[in-house]
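**Student:** So the protein sequences, as listed, match chains A and B.
Quick note: this note's numbering has the first sequence finishing at residue 302, numbered continuously throughout.
Quick note: this note's numbering has the second sequence finishing at residue 302, numbered continuously throughout.
One structure, pasted below without further comment.
Number of protein chains: 2
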Amino acid sequence: MNARIFVGDTRFDAIAANDRGVAYGDGLFETMRAHRGDVPWWDAHWARLRSGAERLQIELPQASMVRREAVDLLAGDDAILKLIVTRGSGGRGYAPDMDAPATWIVSKHPLPPDSPDSGIAVRWCETRLSVQPRLAGIKHCNRLEQVLARAEWNDPTAIEPYAVEGLMRSAEGDVVCATAANLFVLREGRWLTPPVDRCGVAGICRAWVMGATGAAERRLDVTEVETADAVFLCNAVRGILPVAKLGGRAWPLHPQVVALRDRLAEAHPGFAA
Amino acid sequence: MNARIFVGDTRFDAIAANDRGVAYGDGLFETMRAHRGDVPWWDAHWARLRSGAERLQIELPQASMVRREAVDLLAGDDAILKLIVTRGSGGRGYAPDMDAPATWIVSKHPLPPDSPDSGIAVRWCETRLSVQPRLAGIKHCNRLEQVLARAEWNDPTAIEPYAVEGLMRSAEGDVVCATAANLFVLREGRWLTPPVDRCGVAGICRAWVMGATGAAERRLDVTEVETADAVFLCNAVRGILPVAKLGGRAWPLHPQVVALRDRLAEAHPGFAA
Chain A
30 MNARIFVGDT RFDAIAANDR GVAYGDGLFE TMRAHRGDVP WWDAHWARLR
80 SGAERLQIEL PQASMVRREA VDLLAGDDAI LKLIVTRGSG GRGYAPDMDA
130 PATWIVSKHP LPPDSPDSGI AVRWCETRLS VQPRLAGIKH CNRLEQVLAR
180 AEWNDPTAIE PYAVEGLMRS AEGDVVCATA ANLFVLREGR WLTPPVDRCG
230 VAGICRAWVM GATGAAERRL DVTEVETADA VFLCNAVRGI LPVAKLGGRA
280 WPLHPQVVAL RDRLAEAHPG FAA
Chain B
30 MNARIFVGDT RFDAIAANDR GVAYGDGLFE TMRAHRGDVP WWDAHWARLR
80 SGAERLQIEL PQASMVRREA VDLLAGDDAI LKLIVTRGSG GRGYAPDMDA
130 PATWIVSKHP LPPDSPDSGI AVRWCETRLS VQPRLAGIKH CNRLEQVLAR
180 AEWNDPTAIE PYAVEGLMRS AEGDVVCATA ANLFVLREGR WLTPPVDRCG
230 VAGICRAWVM GATGAAERRL DVTEVETADA VFLCNAVRGI LPVAKLGGRA
280 WPLHPQVVAL RDRLAEAHPG FAA
């Protein structure tokens with residue numbers, strides 16, 4: 030793998046056995062789309078990382094050093110750049126050592142395969158998102174719920190094995206997001222997206238879409254999603270993913286979604302065809 | 030640190046940058062008290078690990094190999110032995126690679142300092158435990174809630190800075206456990222402990238105490254804890270920790286707790302004075 034590992038300013042070959050990232054998922058991450066060696070949405074990713082670090086009281090490494098290493102690693106390529114920042118090592122059990130420098134890892138991955146222009150098939154996950162306002166919105170490394178949800182359709186006995194994403198509901202029953210993407214639905218001429226104040230992640234592409242469409246945050250139930258005029262998912266790696274199929278429902282590609290994809294391609298050259 | 034890292038049967042010097050333990054907290058752990066190089070409760074720890082591995086669909090390494098490495102690392106000492114098992118590397122994003130061998134880490138740590146015989150001071154944590162039946166009971170590595178709760182009394186502005194443990198409530202308001210221990214209360218001559226089917230961990234020492242006392246599982250509210258005739262915490266590292274102080278309440282050492290500590294010392298020589 031193409032990765033560089035640091036603790037504070039010092040580069041290491043691998044992660045220490047007592048890193049709190051491994052022990053407790055005590056960290057944050059960002060997954061970014063790079064275009065010709067640059068990360069067009071770097072500032073937005075770093076701002077979210079900083080807000081997560083404030084919430085968890087993790088001291089971030091120097092932004093300039095992380096960016097320098099990231100750009101060097103990217104070496105001019107189109108790729109996915111992942112950044113993990115953990116609380117480093119040390120502390121007694123759960124009690125953090127407030128003076129320990131963070132561990133940070135930049136890694137480079139191939140772009141995902143293009144998804145069909147006409148949209149993707151999506152299923153409902155059984156695994157629910159627990160409600161935890163102190164962790165909601167930030168992109169922390171406690172992701173077992175997403176791992177369990179995503180594993181549902183590797184199960185050969187599962188229905189809809191062709192689904193390429195799964196929608197997750199909160200423990201309270203409202204629809205929140207996909208396992209690795211945010212959700213937008215068009216109803217009565219207006220784009221809506223679930224709030225992420227009780228669970229879910231405040232996606233970088235979600236923020237862009239909200240700005241571009243004027244979408245409103247609103248709690249949505251299953252029926253409101255299934256009876257929407259159009260549905261799409263989005264994230265900062267794959268951009269806008271129109272939903273073509275969910276449960277018994279099928280949607281043709283909606284002209285507003287096509288127009289939004291074109292705007293995204295202008296805003297972020299990594300999403301241009 | 031005194032640690033050994035393996036992926037499957039192969040020993041490594043450190044953890045890979047793309048290990049799913051670091052990325053997602055996608056793993057399980059056990060923390061065990063060793064006595065003269067042996068782990069008296071090994072079988073119970075392994076059984077809990079196996080039940081967690083079934084829940085998360087993680088393939089465990091060979092028990093015999095793990096135990097051999099653990100005993101070799103312990104080298105006859107009294108110590109704490111920690112075992113982490115992650116889902117290893119690989120997969121695409123959250124989707125696990127079902128064929129990847131697990132990463133496992135055994136590490137050896139000094140025994141914690143003895144706590145006062147008369148009991149410890151405990152506080153109420155503000156951080157709540159979210160409700161997630163699919164993860165409740167098992168000792169998985171998504172522990173940010175415990176990290177946040179434990180960090181509450183490093184805050185110099187926090188009340189009761191002398192507290193040595195903190196009690197956590199679930200999002201639903203019932204009292205569940207301490208950040209790193211289970212909870213027992215004596216009411217009307219009967220020992221009670223909260224169930225761990227919605228959040229919390231099914232502790233190894235908790236199971237021993239339930240067997241030894243005939244304690245019943247019951248949801249408890251704050252008042253039921255504060256008005257109990259006796260309260261103690263327990264875990265497999267520190268054994269039984271009588272609670273001497275909580276909020277405005279103080280408890281003298283209860284004779285039943287003294288008797289139970291004596292029984293524990295007979296059952297597990299690591300807890301003998």
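C-beta atoms are modelled at their ideal positions from N, C-alpha and C, and glycine is treated no differently.
For clarity, every value in this text was computed on a predicted model and none was experimentally measured.
Give the residues from the stretch 261 to 291 of chain B that approach chain A closer than 7 Å (Cβ to any Cβ), ordered along the chain.
**Tutor:** none
**Student:** Where do the N-terminal and C-terminal ends of the beta strand (DSSP E) with A/Arg216 fall, by residue?
**Tutor:** The residue labelled residue 216 of chain A in the question sits at position 187 within the first sequence. It spans 211 to 216 - the beta strand (DSSP E) in which A/Arg216 sits, taken as one unbroken run.
**Student:** Can you grab the Cα-Cα spacing for the pair A/Ala43 / A/Ala245, in whole Å?
**Tutor:** The residue given as residue 43 of chain A occupies position 14 in the first sequence. The residue given as residue 245 of chain A occupies position 216 in the first sequence. Taking the straight line from one Cα to the other gives about 43 Å.
**Student:** Let me know the secondary structure DSSP gives A/Met239 once reduced to three states.
**Tutor:** Counted from its first residue, the first sequence places residue 239 of chain A at position 210. Helix, per DSSP.
**Student:** Quick check: does the Cβ of B/His297 come within less than 7 Å of any heavy atom belonging to the ligand MG?
**Tutor:** Only the bare structure without any ligand can be found here, which leaves the ligand MG out of the picture.
**Student:** Just checking: is the beta-carbon of A/Val205 within a distance shorter than 8 Å of some beta-carbon in chain B?
**Tutor:** One-based indexing of the first sequence puts residue 205 of chain A at position 176. Closer than 8 Å: no.
**Student:** Hey, B/Gly299 and B/Cys263: beta-carbon distance below 8 Å or not?
**Tutor:** Numbered from its first residue, the second sequence carries residue 299 of chain B at position 270. Numbered from its first residue, the second sequence carries residue 263 of chain B at position 234. Not closer than 8 Å, so no.
**Student:** Checking contacts by CB at 8 Å: is B/Asp42 closer than that to chain A?
**Tutor:** Taking the first residue of the second sequence as position 1, residue 42 of chain B is located at position 13. Chain A, which has a Cβ nearer than 8 Å to the Cβ of B/Asp42, makes this yes.
**Student:** Counting only beta-carbon atoms, is B/Asn211 nearer than 8 Å to chain A?
**Tutor:** In the second sequence, residue 211 of chain B corresponds to position 182, counting from 1. No, because no Cβ of chain A sits closer than 8 Å to the Cβ of B/Asn211.
**Student:** Count the other CB atoms, across all protein chains shown, that sit within 10 Å of the CB of A/Thr39; report buried if there are 16 or more and exposed otherwise.
**Tutor:** Within the first sequence, numbered from 1, the residue matching residue 39 of chain A stands at position 10. That one is exposed.
**Student:** Grab the span of the beta strand (DSSP E) containing A/Trp133 for me, first residue to last.
**Tutor:** Locating residue 133 of chain A in the first sequence gives position 104, where the first residue counts as 1. Segment 132 to 138, the beta strand (DSSP E) holding A/Trp133.
**Student:** I'd like the span of the beta strand (DSSP E) that includes B/Leu221, first residue to last.
**Tutor:** As a first step, residue 221 of chain B must be located in the second sequence, where it is residue number 192. From DSSP, the beta strand (DSSP E) with B/Leu221 extends over 219 to 222.
**Student:** Output needed in chain order: residues of the stretch 144 to 177 of chain B with a Cβ under 8 Å from some Cβ in chain A.
**Tutor:** Under the 8 Å Cβ criterion, the stretch 144 to 177 of chain B contributes Thr156, Arg157, Ser159, Val160, Gln161, Arg163, Leu164, His169, Cys170, Asn171, Arg172, Leu173, Glu174, Gln175, Val176, Leu177.
**Student:** Does the beta carbon of A/Thr115 sit closer than 8 Å to a beta carbon anywhere in chain B?
**Tutor:** In the first sequence, counting from the first residue as 1, residue 115 of chain A sits at position 86. Yes, A/Thr115 lies at the interface with chain B (some Cβ there is under 8 Å from its Cβ).
**Student:** Quick one, which residues of the stretch 84 to 98 of chain B are near chain A if we go by CB-CB under 8 Å, in chain order?
**Tutor:** Leu85, Gln86
**Student:** Can you list, in chain order, the residues of its chain with a C-beta nearer than 7 Å to that of A/Gly66? Leave out the 5 residues immediately preceding and following it.
**Tutor:** Position 37 of the first sequence holds residue 66 of chain A. Cβ neighbours of A/Gly66 beyond the five flanking positions: Val100, Leu103, Ala104, Gly105, Asp106.
**Student:** For A/Ser136, return the contacting residues in chain B, with the cut-off set at a CB-CB distance below 8 Å.
**Tutor:** For this step, residue 136 of chain A is matched to residue 107 along the first sequence. Ala46, Asn47, listed in chain order.
**Student:** Can you list the residues of chain A that B/Gly66 reaches, using a CB-CB cut of under 8 Å?
**Tutor:** Walking along the second sequence from the start, residue 66 of chain B turns up at place 37. In chain order: nothing, as chain A lies at least about 20 Å away.
**Student:** Just the C-alpha distance for B/Gln86 and B/Ser147, rounded to the nearest angstrom, thanks.
**Tutor:** Counted from its first residue, the second sequence places residue 86 of chain B at position 57. Counted from its first residue, the second sequence places residue 147 of chain B at position 118. About 43 Å.
**Student:** Give the secondary structure of B/His74 by DSSP, where H, G and I count as helix, E and B as strand, and everything else as coil.
**Tutor:** Along the second sequence, read from residue 1 onward, the residue named residue 74 of chain B stands at position 45. B/His74 falls in the helix class under three-state DSSP.
**Student:** So does the stretch 91 to 99 of chain B actually touch the stretch 242 to 261 of chain B, counting three or more Cβ pairs closer than 8 Å?
**Tutor:** Short answer: they don't touch.
**Student:** Quick check: is the beta carbon of A/Arg179 nearer than 8 Å to any beta carbon in chain B?
**Tutor:** Taking the first sequence and counting its residues from 1, one reaches residue 179 of chain A at position 150. By this cut-off, A/Arg179 is an interface position.
**Student:** Quick one: Cα of B/Glu98 to Cα of B/Lys137, how far?
**Tutor:** Mapped onto the second sequence, residue 98 of chain B falls at position 69. Mapped onto the second sequence, residue 137 of chain B falls at position 108. For B/Glu98 and B/Lys137, the distance between alpha carbons rounds to 11 Å.
**Student:** Which residue comes first and which comes last in the beta strand (DSSP E) that contains B/Gly195?
**Tutor:** In the second sequence, the residue the question calls residue 195 of chain B occupies position 166. 194 to 198 is the span of the beta strand (DSSP E), which, as asked, contains B/Gly195.
**Student:** For A/Leu289, which option in A/Val251, A/Ser80, A/His64, A/Ala259 has the closest C-alpha, if you only look at C-alpha atoms?
**Tutor:** Reading the first sequence from its first residue, position 260 is the one you call residue 289 of chain A. For A/Leu289, the nearest C-alpha among the options comes from A/Ala259.
**Student:** List the residues of chain B whose Cβ lies closer than 7 Å to the Cβ of A/Ile34, in chain order.
**Tutor:** The residue labelled residue 34 of chain A in the question sits at position 5 within the first sequence. Ordered by position in chain B, the residues that pass the 7 Å Cβ test against A/Ile34 are Ala46.
**Student:** So what does B/Ala259 bridge to, in DSSP terms?
**Tutor:** Position 230 of the second sequence, counted from the start, is the residue given in the question as residue 259 of chain B. Note: B/Ala259 sits in a beta bridge opposite B/Leu215.
**Student:** Looking only at C-alpha atoms, which of A/Asn31, A/Ala302, A/Cys170 sits nearest to A/Glu59?
**Tutor:** To locate residue 59 of chain A, count along the first sequence from 1; it is residue 30. Closest by alpha carbon: A/Cys170.
**Student:** When you compare the CB positions of A/Val205 and A/Asp250, do they come within less than 8 Å of one another, or not?
**Tutor:** Position 176 of the first sequence, counted from the start, is the residue given in the question as residue 205 of chain A. Position 221 of the first sequence, counted from the start, is the residue given in the question as residue 250 of chain A. Not in contact: A/Val205 and A/Asp250 (Cβ atoms no closer than 8 Å).
**Student:** So with CB distances below 7 Å, who are the chain B contacts of A/Pro125?
**Tutor:** Within the first sequence, residue 125 of chain A is the residue found at index 96, counting from 1. Those within 7 Å of A/Pro125 in chain B are Val176, Ala180.
**Student:** Find out if the Cβ-Cβ distance for the pair B/Ser159, B/Glu174 is shorter than 8 Å.
**Tutor:** Translated into the one-based positions of the second sequence, residue 159 of chain B becomes position 130. Translated into the one-based positions of the second sequence, residue 174 of chain B becomes position 145. Taking 8 Å as the Cβ cut-off, B/Ser159 and B/Glu174 qualify as a contacting pair.
**Student:** May I ask which residues mark the beginning and end of the beta strand (DSSP E) holding A/Gly268?
**Tutor:** As a first step, residue 268 of chain A must be located in the first sequence, where it is residue number 239. Looking at the DSSP string, the run of the beta strand (DSSP E) that includes A/Gly268 is 268 to 275.
**Student:** Who are the near neighbours of A/Lys111 in its chain, counting only those whose CB is closer than 6 Å to its CB and skipping five residues on each side?
**Tutor:** In the first sequence, residue 111 of chain A corresponds to position 82, counting from 1. Closer than 6 Å at the Cβ level, and outside the excluded window around A/Lys111, lie Thr60, Ser136.
**Student:** Residues of chain A with a CB under 7 Å from the CB of B/Val238: which are they?
**Tutor:** Counting from one through the second sequence, the residue named residue 238 of chain B turns up at place 209. Chain-order list of chain A residues neighbouring B/Val238: empty, with the shortest C-beta distance near 20 Å, by a criterion of under 7 Å.
**Student:** From the DSSP secondary-structure annotation, give me the bridge partner or partners of A/Trp153.
**Tutor:** Taking the first residue of the first sequence as 1, we reach residue 153 of chain A at position 124. In DSSP, A/Trp153 forms a bridge with A/Leu196.
**Student:** With A/Val225 and A/Leu196 assumed to form a contact (beta carbons below 8 Å), what rounded beta-carbon distance in angstroms separates them?
**Tutor:** Here residue 225 of chain A refers to the residue found at position 196 when the first sequence is read from its first residue. Here residue 196 of chain A refers to the residue found at position 167 when the first sequence is read from its first residue. Between A/Leu196 and A/Val225 the Cβ distance is about 14 Å, and since that is not below 8 Å, they are no contact.
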